[in-house]
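Here's the structure we're looking at; comments come further down.
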Amino acid sequence: MSETMTFTQAYNRALDEAMAADSSVLLLGEDIGDKEGGGTFKVTAGLSTKYGERVRTTPISEQAIIGAAIGASLAGMKPVAEIMLMNFITVAMDMIVNHAAKLRFMSGGQTSVPITIRTRTGAGIGAGGQHSDMLEAWFCHTAGIKVVVPSTPADAVGLLRACIEDPDPCLFIEDALTRTVKGPAPVANHRLPLGKAHVEREGSDVTFISYGRPMQDIRKIAPRLAEEGISVEVIDLRTVSPLDTDTILASVAKTGRAVIAHEAVRSFGVGAEVAARIQEHLYAELKAPVLRVASKDVAVPFSRVLEQEFLYKGSDIEAAIRQTLEPRAPR
Amino acid sequence: MTASDSFPASALLDVYRNTLKIKTVDEGLRRLIMSGAIHPVFHPPTGQEIVAASMGAVLEPSDYLCTIYRGLHDQVAKGMPMKLIVAEYFMKTTGACKGKGGAMHLTHPASGVMVTTGVVGSSMPIANGLAWASQIKGDGRVSVACFGDGASNIGAFHESLNLAAVWKLPTIFLCQNNRYAECTTYEDATSSKTVAERAAAYGPNMVGVTVDGNDAREMWTAMRDAVARARAGDGPTLLEANTFRFSGHYFGDQDPYIPKEEKEAEKAKDSIGRLRQQVLDSGVATEADLDALKAQFEAEFEEAVEFARASPDPGLDEIYKDIYGAA
Ligand SMILES: Cc1ncc(C[n+]2csc(CCOP(=O)(O)OP(=O)(O)O)c2C)c(N)n1
Ligand SMILES: [Mg+2]
Numbered sequence: 045m046s047e048t049m050t051f052t053q054a055y056n057r058a059l060d061e062a063m064a065a066d067s068s069v070l071l072l073g074e075d076i077g078d079k080e081g082g083g084t085f086k087v088t089a090g091l092s093t094k095y096g097e098r099v100r101t102t103p104i105s106e107q108a109i110i111g112a113a114i115g116a117s118l119a120g121m122k123p124v125a126e127i128m129l130m131n132f133i134t135v136a137m138d139m140i141v142n143h144a145a146k147l148r149f150m151s152g153g154q155t156s157v158p159i160t161i162r163t164r165t166g167a168g169i170g171a172g173g174q175h176s177d178m179l180e181a182w183f184c185h186t187a188g189i190k191v192v193v194p195s196t197p198a199d200a201v202g203l204l205r206a207c208i209e210d211p212d213p214c215l216f217i218e219d220a221l222t223r224t225v226k227g228p229a230p231v232a233n234h235r236l237p238l239g240k241a242h243v244e245r246e247g248s249d250v251t252f253i254s255y256g257r258p259m260q261d262i263r264k265i266a267p268r269l270a271e272e273g274i275s276v277e278v279i280d281l282r283t284v285s286p287l288d289t290d291t292i293l294a295s296v297a298k299t300g301r302a303v304i305a306h307e308a309v310r311s312f313g314v315g316a317e318v319a320a321r322i323q324e325h326l327y328a329e330l331k332a333p334v335l336r337v338a339s340k341d342v343a344v345p346f347s348r349v350l351e352q353e354f355l356y357k358g359s360d361i362e363a364a365i366r367q368t369l370e371p372r373a374p375r
Numbered sequence: 173m174t175a176s177d178s179f180p181a182s183a184l185l186d187v188y189r190n191t192l193k194i195k196t197v198d199e200g201l202r203r204l205i206m207s208g209a210i211h212p213v214f215h216p217p218t219g220q221e222i223v224a225a226s227m228g229a230v231l232e233p234s235d236y237l238c239t240i241y242r243g244l245h246d247q248v249a250k251g252m253p254m255k256l257i258v259a260e261y262f263m264k265t266t267g268a269c270k271g272k273g274g275a276m277h278l279t280h281p282a283s284g285v286m287v288t289t290g291v292v293g294s295s296m297p298i299a300n301g302l303a304w305a306s307q308i309k310g311d312g313r314v315s316v317a318c319f320g321d322g323a324s325n326i327g328a329f330h331e332s333l334n335l336a337a338v339w340k341l342p343t344i345f346l347c348q349n350n351r352y353a354e355c356t357t358y359e360d361a362t363s364s365k366t367v368a369e370r371a372a373a374y375g376p377n378m379v380g381v382t383v384d385g386n387d388a389r390e391m392w393t394a395m396r397d398a399v400a401r402a403r404a405g406d407g408p409t410l411l412e413a414n415t416f417r418f419s420g421h422y423f424g425d426q427d428p429y430i431p432k433e434e435k436e437a438e439k440a441k442d443s444i445g446r447l448r449q450q451v452l453d454s455g456v457a458t459e460a461d462l463d464a465l466k467a468q469f470e471a472e473f474e475e476a477v478e479f480a481r482a483s484p485d486p487g488l489d490e491i492y493k494d495i496y497g498a499a
């Protein structure tokens with residue numbers, strides 16, 4: 045069997061390769077040095093030992109962390125900042141939204157902010173309402189920042205590497221729950237293009253569009269449905285924003301049906317945006333309403349049963365796909 | 173060291189030259205606003221010229237500056253070309269930011285003006301990052317974060333000063349204390365008697381100094397010491413420059429919240445007149461020299477206005493440009 049790696053190992057590999065290739069790549073964040081254990085999730089383990097001063101453990105100062113990354117990037121560095129958990133990014137919103145995302149535009153292209161912000165999150169680990177949110181839609185709502193969510197360890201390597209090399213700020217979101225899941229390891233110095241969705245399974249009946257954790261659900265569901273004769277085309281967005289509308293539309297033009305799934309809460313989310321774009325372009329070709337699968341519009345609850353009730357489920361995805369295939373009166 | 177050694181006449185002239193240039197641009201822009209030629213949201217630096225002029229006289233062109241919406245004096249002192257400033261105020265495509273940044277967001281990396289922020293306090297975390305890059309590269313540059321007295325009460329101030337002290341960054345935190353944050357007085361909003369005394373909370377790596385920012389000798393000397401300290405790798409300085417703003421929070425603000433006597437007392441100090449007299453007394457320049465300098469800046473400003481007037485608005489296609497770079 046070929047070599048495998050976990051998501052955590054994948055992030056570490058991408059950082060290591062990026063730092064080895066380019067001395068302007070710097071890391072900063074809370075607890076990230078080996079003295080502090082190599083990061084709360086061990087993503088940066090070994091890197092401070094290997095790269096010394098280029099890896100800086102910071103005070104618990106999210107604004108100062110992102111600000112330092114922005115400033116260093118204005119001076120030509122390629123900083124990768126870790127925000128321990130995504131909910132804590134709210135403390136640094138001014139730096140990200142008003143500064144990182146906008147400086148290129150507001151300076152008329154004189155400056156750019158090639159930083160990567162790595163963070164992790166996700167419900168299902170009993171961490172409650174302030175340690176579990178998927179907030180990606182907040183950032184997709186701001187032009188100038190790219191939002192990237194990997195769904196396999198190999199993609200994680202390729203996408204994180206691309207984020208670091210990208211000339212603009214990138215938010216790279218890691219899933220806390222599935223961080224020890226394994227997948228095939230990529231070749232050395234693997235890179236994937238940003239802004240490009242991946243058709244990972246071809247099909248003819250329904251297009252399934254997602255990113256991150258629900259991709260792991262569909263990989264089990266789609267083959268099962270295929271046995272019943274339901275052919276699902278699976279698109280992994282990889283980059284959530286800017287959205288690869290062309291790939292989505294090409295697929296839905298073919299299938300006439302679409303289901304979008306994300307772990308984030310349902311309302312005002314990425315699913316709504318994807319659905320809107322599909323109907324704007326393909327209204328006449330649609331054979332069924334575009335459906336969304338998402339978590340419930342509440343704070344992430346603590347109790348296991350409530351947290352599971354909050355989360356979208358694989359069975360929701362399957363039900364939504366079947367629903368789009370139900371016979372309908374002709375329009 | 174004699175007094176003249178510590179504050180050479182050449183520096184005195186540099187500060188005056190910068191002051192005169194700032195005054196020329198400030199007054200010129202105010203005239204343009206009054207005449208209806210331009211319509212910026214403008215936060216005049218009137219009264220704070222000597223602070224910036226001294227900063228600019230000490231810094232090298234390659235040093236970094238992050239300043240705020242009230243930043244015209246800082247930008248001019250750092251060497252930003254007048255043409256680019258004026259054209260941006262005219263919202264033209266030839267402005268520093270192609271008309272996409274505006275009066276509150278002037279940027280010009282070639283002059284070291286890296287960020288001008290409209291968000292109170294946000295100059296500080298970013299200046300640290302520039303300083304961090306210099307520390308890593310060993311390029312000897314320093315970074316200055318300008319901000320107001322009101323900004324010393326925002327969280328970014330604490331996070332930035334702490335980080336700068338822990339990492340011993342070459343950052344100079346230049347607080348321009350004009351005693352008001354919009355309409356709120358310093359005393360009503362600030363727990364400490366001075367901003368600089370807060371430096372003590374950040375340990376031995378951080379030095380805190382309060383000076384009369386409108387006194388060229390005091391301001392220039394303090395700035396020189398802070399820059400020397402930063403360049404030597406000895407750490408950051410919190411430099412509080414006491415000053416005053418004469419023209420309201422924004423242009424058009426009649427500042428009824430400032431007691432008349434307070435304003436009169438500040439006016440009576442005639443800081444710029446005093447500076448001019450110091451220059452003349454030092455013998456480094458004559459009345460005629462200074463008048464010629466003034467005429468030169470005025471001509472430069474008029475040329476900038478002509479340039480701006482003759483420049484086109486941004487093309488509408490600019491709206492989708494400069495969002496992302498070419499990967
Ligand atoms: C985070 C934030 N809060 C509020 C404002 C609105 N605001 C703009 S300037 C200002 C006063 C700031 O005073 P100070 O820091 O003393 O600077 P000055 O304007 O006196 O130069 C306020 C409250 C803002 N721009 N940003
Ligand atoms: Mg003030």
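If you read the protein sequences in the order shown, they are chains A and B.
Going by the working numbering, the first residue of the first sequence is number 45, and it counts up by one from there.
Going by the working numbering, the first residue of the second sequence is number 173, and it counts up by one from there.
Where is the CB? At the ideal position from N, CA and C, for every residue including glycine.
Going by the C-beta, is residue i closer than 6 Å to any heavy atom of ligand 1?
i	result
Asn350 of chain B	yes
Val292 of chain B	yes
Gly320 of chain B	yes
Arg242 of chain B	yes
Ala323 of chain B	yes
Would you grab the beta carbon distance between residue i and residue j for me? Rounded to a whole angstrom, and I think it's under 8 Å.
i	j	result
Leu309 of chain A	Lys357 of chain A	In the sequence under discussion, the amino acid at residue 309 of chain A is Val, which differs from the Leu named in the question. About 15 Å separates the two Cβ atoms, so there is no contact after all.
Glu218 of chain A	Arg162 of chain A	7 Å
Ala76 of chain A	Ile110 of chain A	The sequence given here places Ile at residue 76 of chain A; Ala does not occur at that position. The pair is not a contact, with the Cβ atoms about 14 Å apart (cut-off 8 Å).
Pro197 of chain A	Phe51 of chain A	5 Å
Glu351 of chain A	Ala167 of chain A	6 Å
Ser117 of chain A	Val157 of chain A	5 Å
Taking only beta-carbon atoms, is residue i less than 7 Å away from chain B?
i	result
Leu403 of chain A	Residue 403 of chain A lies beyond the range of chain A shown here (45 to 375); nothing can be said about it.
Asn233 of chain A	no
Gln174 of chain A	no
Asn142 of chain A	yes
Ile189 of chain A	no
Met121 of chain A	yes
Pro211 of chain A	yes
Thr155 of chain A	yes
Ser359 of chain A	no
Val124 of chain A	no
Met259 of chain A	no
For residue i, verify whether its CB is less than 6 Å away from any heavy atom of ligand 3.
i	result
Asp246 of chain B	This structure does not include ligand 3; its bound ligands are ligand 1 and ligand 2.
Compare the C-beta of residue i with all C-beta atoms of chain A and state if any pair is closer than 7 Å.
i	result
Val291 of chain B	yes
Met286 of chain B	yes
Leu335 of chain B	yes
Ser454 of chain B	no
Trp392 of chain B	no
Glu331 of chain B	yes
Tyr374 of chain B	no
Ile495 of chain B	yes
Ile298 of chain B	yes
Leu447 of chain B	no
Cys269 of chain B	yes
His277 of chain B	yes
Asp246 of chain B	no
What I want to know is whether the C-beta of residue i ends up closer than 6 Å to one or more non-hydrogen atoms of ligand 2.
i	result
Ala353 of chain B	yes
Find out if the Cβ-Cβ distance for the pair residue i, residue j is shorter than 7 Å.
i	j	result
Ile194 of chain B	Glu221 of chain B	yes
Met395 of chain B	Val230 of chain B	yes
Ala373 of chain A	Thr291 of chain A	no
Gly301 of chain B	Gly115 of chain A	yes
Leu203 of chain A	Val192 of chain A	yes
Ala332 of chain A	Thr299 of chain A	no
Leu72 of chain A	Ala125 of chain A	yes
Thr409 of chain B	Ala398 of chain B	yes
Leu326 of chain A	Val296 of chain A	yes
Asp246 of chain B	Val314 of chain B	no
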